[in-house]
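Structure record follows, encoded as structure tokens.
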Amino acid sequence: MTDSLLKISGLTMRFGGLLAVDAVEFEVKRDEVFAIIGPNGAGKTTVFNCVGGFYKPTTGSILMEGKPIDGLPSHKVARLGLVRTFQNVRLFKSLTVLENLLVAQHMHVQTGLLQGLLKAPSYRKSERQALERAGEWLEFMGIRALANREAGTLAYGHQRRLEIARCMITRPRLLMLDEPAAGLNPQEKQDLQALIDRLRREFGVAVLLIEHDMSLVMGVSDRIMVMEHGKPITTGLPAEVRTDPRVIKAYLGEE
Amino acid sequence: MTKSNFSNALIAALMAGVLVAPVFGLQIVSVGLKTSLKPQWNMILAGMAIVFVFQMIRPWLRALAGRRMALPALPAMTEAGRHKAIVFLILVSLVWPFFGDRSQVDLATLVLIYVMLGLGLNIVVGFAGLLDLGFVGFYAVGAYTYALLYHWAGWGFWEALPFAGAMAALFGFLLGFPVLRLRGDYLAIVTLGFGEIIRLLLTNLYSLTGGPDGISGIPKPTVFGYPMLRRAPEGVTTFHQLMGWKFDNQDVIIYLYLATLCMVFFTLFVSTRVIRMPIGRAWEALREDEIACRSLGLNPTRIKLSAFTMGATFAGLGGAFFAARQGLVNPESFTFIESALILSIVVLGGMGSQVGVILAAIILTVVPELAREFAQYRMLVFGLVMVLMMMWRPQGLLPVKRPQVELKV
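Just so you know, the protein sequences line up as chains A and B, in that order.
The working numbering numbers the first residue of the first sequence as 1 and each following residue consecutively.
The working numbering numbers the first residue of the second sequence as 1001 and each following residue consecutively.
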């Protein structure tokens, strides 16, 4: 299919005797929100880590627009436009909010050491642009007023938003969110859902989502894959997944 | 005064007695061939008494300390005010050696060398967060590069200086590779080993480096090619002849001071700029969270190597000045204790704080010189100061002030 962005087939990850991910297959299309759900320990984050280049999968292939990316180091994967957030927010805590966003633009700023030391016009320009872009994203996320605060001092909800902004400023094509709603209050969860919709609409980014919050998953996803014990149980539209007896069994256990 | 306080003090005093007894309490007396141990009860009791009294008054001390622990910080200044202050300090540092005496200027040169080293290590430890215990290795590489180029090829100081920096940079780069995967404790140990390897190489490559004797007779820098010597070799005009002055050793020392000062300004300029550049921000980000860095497309290999290389370059430049100041290099000058001293400068100053590093370099170099008569207690006092600092002010004398860039909100 031509509109395939990320295609994963036969993905297996083994840690010693533990088969964490077993023959996982799925495909994320352009502009699609694809969610992976499943009970704790189902192997969702391991899939993320394999896709992001943090783990080298035991077997299987990961194709980004038809090109294999499995085995690439994570920073190269990120440069191809696959950027992620983390289950436990990983901000640069003692850097300011603004600096977090400046660091994230690192791969787009090309300044030589000498140009920087001499503050050459090209360097000034790229720094100014980086600042402007950071400002725009803070505005977009509604946290501009916090720009000069240390990131670690932000409220949890703001930290989550900052982490998403930090991903988006790298201009990704696939945004991978690992439990973005964890620890958010109901209002923040609603905002998050609106945010994901907006990101997709305005920036054309596809989203790969891991989430436990069912109302968010059902509200925002185009398709959902359910995993249990490292294996995919089913993949389908939200309405199909919700009524699938196997899924209900995985979540609620057998009668 | 509570009862628990009293018993606490009593226990502390007893503990002190136990600890002090083997160190101070026993004197080795040798009469002829017989050696015997003679207990020194008054020493032990005095030690216990001191600990007891201190423990008893500690609550008051704490209350006292709590009240007046206004932490020193740079006073808030406007941009213009800060520029004025900087210009003033530069002028003072340029002019005072002409009025100072010889040993003071010489000591100030040493301080400047430590400032350079501190700024270099500050990049590696303070910014990139890579704990390097073998920093002295790069210092040694710089010093020996100049010494060897002089000894084997007859190079002068200024020709050798860039090579000293470049060689140290190369070593920094090479050390970077094996330690890329390491962090924290492991990194510290490997770098510690690296520093020792360099020292042992210098000691054992006898035919090249002169082994433990080192290389002597290293000349001081020339003034645009005119040497500052009392008597010039045949066919060479010395600087005092050129200027028509009388030769004065003081001039040589002042000149070396000024040359070192220029180098410090250069390193200060470079490091101040670099830490505000994308690469400087990347260093800090890497210190905070390497995994997040990778997830954003930052290549940790390049970032770490650049920090190691730049830090090592500064150390190498400092080493060349050290060789010129001493006129003699030998492996003894590059022991682990030097690495510890440089690290202390960075920690005492406040990790990542440039002004703090300068201040700490001055304190840690000048104070031991002033307290010469207590030289044997130097390490003791040093250790004590470090312990107290870590307890009361772990962020250093002058911690970094964020933010370096601001967004108007």
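We put the CB at the ideal spot given by N, CA and C, even for glycine.
- Beta carbon of V1179 of chain B nearer than 9 Å to that of L1192 of chain B: no
- Item | Backbone secondary structure at S1004 of chain B - three-state DSSP | helix
- Task: Provide the residue span of the alpha helix (DSSP H) that contains M1116 of chain B, from first to last.
- Result: 1102-1121
- Task: Please list the partners that V83 of chain A has in chain B, where partner means a Cβ-to-Cβ separation under 7 Å.
- Result: S1295, L1296
- Item | Beta carbon of T46 of chain A nearer than 9 Å to that of A78 of chain A | no
- Might you give, ordered along the chain, the residues of its own chain that have their beta carbon closer than 6 Å to the beta carbon of G1137 of chain B, omitting 5 neighbours on each side? F1194, G1195, I1198
- Task: Sort out for me which residues DSSP pairs G1318 of chain B with in a bridge.
- Result: In the DSSP output, where bridge partners are listed per residue, G1318 of chain B has none listed.
- Could you check the C-alpha separation between L208 of chain A and I36 of chain A for me, to the nearest Å? 8 Å
- Message: Is there a Cβ of chain A sitting closer than 9 Å to that of A1183 of chain B, yes or no?
- Response: Note that residue 1183 of chain B is Arg in the sequence shown, not Ala. Judged by the 9 Å Cβ criterion, R1183 of chain B is not in contact with chain A.
- Task: With distances taken Cα to Cα, identify the nearest neighbour of M1056 of chain B among B:Y1150, B:L1107, B:K1003.
- Result: B:K1003
- Item | Local conformation of Q87 of chain A per DSSP, three classes | coil
- Message: Judging by CA-CA distance, which residue of B:G1017, B:G1311, B:G1383, B:D1289 is the nearest neighbour of V1124 of chain B?
- Response: B:G1311
- Using a threshold of 8 Å, is the CB atom of E150 of chain A nearer than that to any non-hydrogen atom of the ligand FMN? Within the structure as shown, the ligand FMN is missing, as the structure has no ligands at all.
- Residues that E139 of chain A bridges to, as DSSP identifies them: None; E139 of chain A has no bridge partner.
- Mapping DSSP to helix, strand and coil, what is D22 of chain A? strand
- Message: Quick check: what's the CA-CA separation for M1 of chain A versus A206 of chain A?
- Response: The predicted model places M1 of chain A with a pLDDT of 48, which falls under 50 and marks its position as unreliable, so this point remains unresolved.
- Query: How far does the alpha helix (DSSP H) with G1172 of chain B in it reach, from first residue to last?
  - Reply: 1157-1176
- Candidates A:H229, A:A239, A:S4, of which the one nearest A250 of chain A by Cα: A:H229
- Terminal residues of the continuous alpha helix (DSSP H) containing A1360 of chain B? 1354-1370
- Taking C1293 of chain B as the reference, which of A:G142, A:R242, A:L91, A:V28 has the closest Cα? A:L91
- Using Cβ-Cβ distances below 7 Å, what residues of the region 108-128 of chain A are close to chain B? V109, T111, G116, L117
- Item | Inside the region 120-208 of chain A only - alpha helix (DSSP H) runs reaching at least 4 residues | 121-141, 156-168, 186-203
- Task: Return the residue from the list A:L199, A:Q193, A:H108, A:E202 that minimises the CA-CA distance to G219 of chain A.
- Result: A:Q193
- Query: Taking all protein chains shown into account, do 16 or more other C-beta atoms lie within 10 angstroms of the C-beta of Q129 of chain A, making it buried, or fewer, making it exposed?
  - Reply: exposed
- Quick one: list the residues of chain B neighbouring L102 of chain A, beta-carbon separation under 8 Å, in chain order. P1278, R1281, V1405
- Item | Under 8 Å from the C-beta of F92 of chain A: neighbouring residues of chain B | E1284, A1285, E1288, D1289, A1292
- Message: I'd like to confirm the pairing. Which residues does DSSP put opposite S4 of chain A in its beta bridges?
- Response: A:K29
- Roughly how many angstroms lie between the CA atoms of L1359 of chain B and Y1226 of chain B, to the nearest whole one? 34 Å
- Task: Confirm, please, whether the CB-CB distance from G1120 of chain B to A1320 of chain B is below 9 Å.
- Result: no
- Query: Taking the C-alpha atoms as reference points, what is the distance between F1325 of chain B and K1220 of chain B?
  - Reply: For the record, residue 1325 of chain B in the displayed sequence is Arg; it is not Phe. Approximately 7 Å between the Cα atoms of the pair.
- Message: Please tell me whether F1269 of chain B has its Cβ less than 9 Å away from any Cβ of chain A.
- Response: yes
- Message: Taking 9 Å as the threshold (C-beta atoms), are F34 of chain A and M225 of chain A in contact?
- Response: yes
- So, does the CB of N148 of chain A fall closer than 9 Å to a CB anywhere in chain B? yes
- Query: Between which two residues does the beta strand (DSSP E) containing G60 of chain A stretch?
  - Reply: 59-64
- Roughly how many angstroms separate the alpha carbons of K227 of chain A and I248 of chain A, rounded to a whole number? Per the sequence presented here, residue 227 of chain A reads as Met, with Lys not at that position. When rounded, the distance between both Cα atoms is 12 Å.
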